[in-house]
Amino acid sequence: MARWNKEKRVLDHEHTKFWRYEMKDVDQPNLQKDVFPYDEVCRIVFDHKIVSMSPAEDIFITDTTFRDGQQARPPYTVKQIADLYSMMSRLGGERGVIRQTEFFLYSQRDREALEACRGMNLRYPEITGWIRAVKEDVPLVREAGLRETGVLTSVSDYHIFLKLGVTRKQAMEMYLDVVRSLLEAGVVARCHFEDLTRSDIYGFVVPFAIELMKLREQSGVDVKIRLCDTMGYGVTYPGAALPRSVDKIVRAFIEDAGVPGHLLEWHGHNDFHKALINATTAWLYGCSGANGTLMGIGERTGNPPVEALIFEYIQLHGENRGIDTTVITEIADYVRREMNFKIAPNYPFVGSEFNVTRAGVHLDGLVKNEEIYNIFDTARILKRPIMLEITDKSGKAGIVHWINSRLDLKNGEAIDKRHPGISAIHKWVMKQYEGGRMTSISNDEMEKVVRKFLPEQFMSDLEKIKYRAAQAAVAVVRQVIEHPVMKAMNPEMQEPIMQQFIDENPSIQFAYVVDTHGRKITRNITHITDRAKYENFGVGTDYSNREWFIRPMETGKIHVTDFYISKMTGALCITVSAPIVDEHDEIRGVFGVDIRFEEWTKSVDLISEATERALKAEYEAKKKSDHWF
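Counting from 1 along the sequence shown, just add 1 to a position and that's the residue number in our numbering.
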């Protein structure tokens, strides 16, 4: 019960008879209406007891983008899941900071996505499942060959009585029965304690956790517990009372239920704007895992954003521990482009304006030294240089900073404020404010005026299309060259792997591998419509004089050619090639893909421009050749 304390001016918690270590089976649900009145905003109750911080020995992130994240939007495609999974692995690094991710197992699409991700043979994040607490779902886990699965075990009386229509005893027996079935199959059961922050902690939750630990001891198979703040009721205030106190919940499981911290995982929602701080607090009080989703996309208000947890992790450790923070920007760009997901401009780390400065005094400080107003080196850490919004207070220095940052111009490429174009742009800006303008110059407006006075600094439409096509191919190429089978340089084993990626990427016409001498060792892996005509074309041919072979061999990096006319097809294309490197970082060969340019644009003008460019390059190459005459 909760009562108003006039002296302390807070709600005080009164301990009840339900606070004990054995499950209390009650006739009526304990809905705690003094704390959770449905017709009013819920209350934060205090018991004035302070819990000492005791951080988990090993903290990590677990992901639910492909489970909870799919409950807030149309289902992801198999390709989208595979792409995000690959990027997530790079983000978390080889130490597995992003330790696990969970999948639904019910639809054919979910199972295909699971297999696509598992086929990448990435160590982290480990793929786990999710099922209901019914024995009929257990075979799904076995059929998927998973080592671990989540199980929905609702623990509040709201769910036990009002949703399931059973008693506490019946609910516990049902949950334990399913867990036994999983343990007998050698599967780690991760019990999701749904609606934990509205539950009777000592009347049901702790006793249930104790029974799970008994099963763990008896079976020799781990049982994990996910602490689910399903409605976002959790709070971090010192002295707050159960069931809303995050620190007390974590310590109750560790100290009173005997659950080791490495088997605990916090899962929060953002209904009260506390998802991130609650997850971090759970870490600090002994819970090893913090659950999140990419961009915070999850049911209703979402979950802790994985990218935010990444930065919390780095701040707590004082180092990045193998994390590649630049992947965060890649993920954000991907969800915008491929999923039409709108990210708020001021959203931390990934919003289009998260590091944009408008205030005149701030602009002056940034031009002098960006450390004054930038949270960290966003250009290096996120590949997001700090941006300014231009006003009449910006001056030429501010305009130059905007252009160089926006266009990523550095060293010898950077624009100087003495450039005549800068004077013209500055005059244009000042004229806007002389006419009575009160708002800052938008990025779109600035880009238009910079294009007018500095046209050479912008890519053409043709270059942009080439860039997008190459970018898509590079993502595929990266996946392929990291596959262990590709590193073995056995053509018969390589070709099925390449065929899989060709089938998933219609704009790629051919894929092939050459050895370190430039000799083609595989067939042309292509689509079925081209297979008969081109499959065996060029096997054994020496390509050691080709740019797409030479550059990766010289630099060890992925290379993108300019437009050229294919000798095989006569079509306009570009080639993306990458070195295949073994475990000793020795180059074993080169993997190449040819992209049909016509797949990326229907513009006759752009195709004509690209063709003219390709023919000109061919002409220049022949002119330099001994065989020209």
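Glycine included, C-beta positions come from ideal geometry on N, C-alpha and C. Just so it is clear, the structure is predicted and the values come from calculations on it, not from any experiment.
Three-state secondary structure (DSSP) of residue i
{"i": "GLY293", "result": "strand"}
{"i": "THR330", "result": "helix"}
{"i": "ILE315", "result": "helix"}
{"i": "ILE373", "result": "helix"}
{"i": "GLU308", "result": "helix"}
{"i": "VAL260", "result": "coil"}
{"i": "TRP629", "result": "Low confidence applies here, because TRP629 scores a pLDDT of 36, under 50, leaving its location unreliable; read the following figure in that light. In the structure shown, TRP629 sits in coil (DSSP, three-state: anything other than H, G, I, E or B)."}
{"i": "ILE344", "result": "coil"}
{"i": "THR302", "result": "coil"}
{"i": "LEU12", "result": "strand"}
{"i": "MET388", "result": "strand"}
{"i": "GLY130", "result": "strand"}
{"i": "ARG520", "result": "strand"}
{"i": "PHE19", "result": "Residue placement at PHE19 is flagged as unreliable, the pLDDT there being 35, under the threshold of 50; a coordinate-derived value is accordingly withheld."}
{"i": "GLU41", "result": "coil"}
{"i": "VAL167", "result": "coil"}
{"i": "LYS623", "result": "Note that LYS623 scores 48 on pLDDT, short of 50, meaning its location in the model is unreliable and no value can be drawn from it."}
{"i": "GLY221", "result": "coil"}
{"i": "ALA210", "result": "helix"}
{"i": "MET499", "result": "helix"}
{"i": "ALA241", "result": "strand"}
{"i": "ILE324", "result": "coil"}
{"i": "VAL180", "result": "helix"}
{"i": "ALA190", "result": "strand"}
Residues bridged to residue i (per DSSP)
{"i": "ASP248", "result": "Beta-bridge pairing links ASP248 to no other residue."}
{"i": "HIS560", "result": "SER578"}
{"i": "SER155", "result": "GLU195"}
{"i": "VAL594", "result": "ALA512, VAL577"}
{"i": "GLN101", "result": "THR63, GLU127"}
{"i": "VAL236", "result": "SER246"}
{"i": "GLU266", "result": "ARG227, GLY290"}
{"i": "TYR565", "result": "CYS574"}
{"i": "VAL46", "result": "LEU12"}
{"i": "ALA380", "result": "Per DSSP, none; premise fails for ALA380."}
{"i": "ILE526", "result": "ALA512"}
{"i": "VAL478", "result": "None; VAL478 has no bridge partner."}
{"i": "ILE442", "result": "ILE391"}
Enclosing beta strand (DSSP E) for residue i [first to last residue]
{"i": "GLU58", "result": "Taken as a continuous stretch (DSSP letters only), GLU58 belongs to no beta strand (DSSP E), as it is neither H nor E."}
{"i": "ALA3", "result": "3–6"}
{"i": "ASP230", "result": "224–230"}
{"i": "GLY422", "result": "Premise fails: GLY422 lies in the alpha helix (DSSP H), 421–435, not in any beta strand (DSSP E)."}
{"i": "HIS585", "result": "Taken as a continuous stretch (DSSP letters only), HIS585 belongs to no beta strand (DSSP E), as it is neither H nor E."}
{"i": "LEU85", "result": "Taken as a continuous stretch (DSSP letters only), LEU85 belongs to no beta strand (DSSP E), being part of the alpha helix (DSSP H) at 79–93."}
Closest by C-alpha distance to residue i, when choosing among the options
{"i": "PRO456", "options": "VAL135, TRP549, SER90, ILE416", "result": "ILE416"}
{"i": "THR281", "options": "PHE273, GLY293, ASP272", "result": "GLY293"}
{"i": "ARG252", "options": "GLY233, TYR513, TRP284", "result": "TRP284"}
{"i": "VAL632", "options": "LYS25, PHE47, TYR22", "result": "Outside the shown range of the chain, which is 2 to 630, sits residue 632, and nothing can be said about it."}
{"i": "ASN506", "options": "ALA470, HIS49, ASP516", "result": "ALA470"}
{"i": "VAL167", "options": "ASP35, VAL79, GLU256, VAL27", "result": "VAL27"}
{"i": "ASP586", "options": "VAL594, THR556, ASP595", "result": "THR556"}
{"i": "LYS164", "options": "LEU141, GLU195, GLY323, ALA190", "result": "GLU195"}
{"i": "VAL478", "options": "MET439, GLN458, PRO553", "result": "PRO553"}
{"i": "LEU32", "options": "LEU141, ILE324, TYR159", "result": "TYR159"}
{"i": "MET88", "options": "ASP325, ASP516, ARG532", "result": "ASP325"}
{"i": "PRO580", "options": "ALA572, ARG597, GLU548", "result": "GLU548"}
{"i": "GLY396", "options": "ALA380, MET490, ILE426", "result": "ILE426"}
{"i": "GLY299", "options": "TYR535, GLY70, LEU573, ASP445", "result": "GLY70"}
{"i": "ASN375", "options": "VAL357, GLU390, THR392, THR102", "result": "VAL357"}
{"i": "GLU144", "options": "SER155, GLU116, SER157", "result": "GLU116"}
Segment limits, alpha helix (DSSP H) that includes residue i
{"i": "ARG112", "result": "109–119"}
{"i": "LEU455", "result": "Segment: none, LEU455 is in no alpha helix (DSSP H) and carries neither H nor E."}
{"i": "GLY396", "result": "396–407"}
{"i": "THR542", "result": "Careful: THR542 lies outside any alpha helix (DSSP H) and carries neither H nor E."}
{"i": "ASP1", "result": "Beyond the ends of the chain as shown, which are 2 and 630, falls residue 1; an answer cannot be given."}
{"i": "ARG143", "result": "139–145"}
{"i": "ALA283", "result": "276–285"}
{"i": "VAL486", "result": "485–488"}
Decide yes or no for the touch test of the stretch 52–61 against the stretch 261–272: beta carbon pairs closer than 8 Å, at least 3 of them. yes
Using 8 Å as the threshold, is the stretch 184–192 in touch with the stretch 209–223, meaning 3 or more CB pairs across them? yes
Between the stretch 116–132 and the stretch 342–354, do at least 3 Cβ pairs fall closer than 8 Å? no
How do the stretch 41–54 and the stretch 73–89 stand: do at least 3 beta-carbon pairs fall below 8 Å, yes or no? no
Taking 8 Å as the threshold, find out whether the stretch 170–181 comes into contact with the stretch 128–136 through three or more Cβ pairs. yes
Within the chosen definition, does the stretch 484–499 reach the stretch 434–452 through at least 3 CB pairs nearer than 8 Å? Verdict: no, contact absent.
Check whether the stretch 538–553 touches the stretch 425–442, counting contact only when three or more Cβ pairs, one atom from each stretch, lie closer than 8 Å. In short, these stretches do not touch, since the Cβ pair count stays below three.
Say whether the stretch 561–579 touches the stretch 588–595, bearing in mind that this needs 3 or more beta-carbon pairs closer than 8 Å, one atom from each stretch. yes
Does the pairing of the stretch 305–314 with the stretch 237–250 give three or more beta-carbon distances under 8 Å? no
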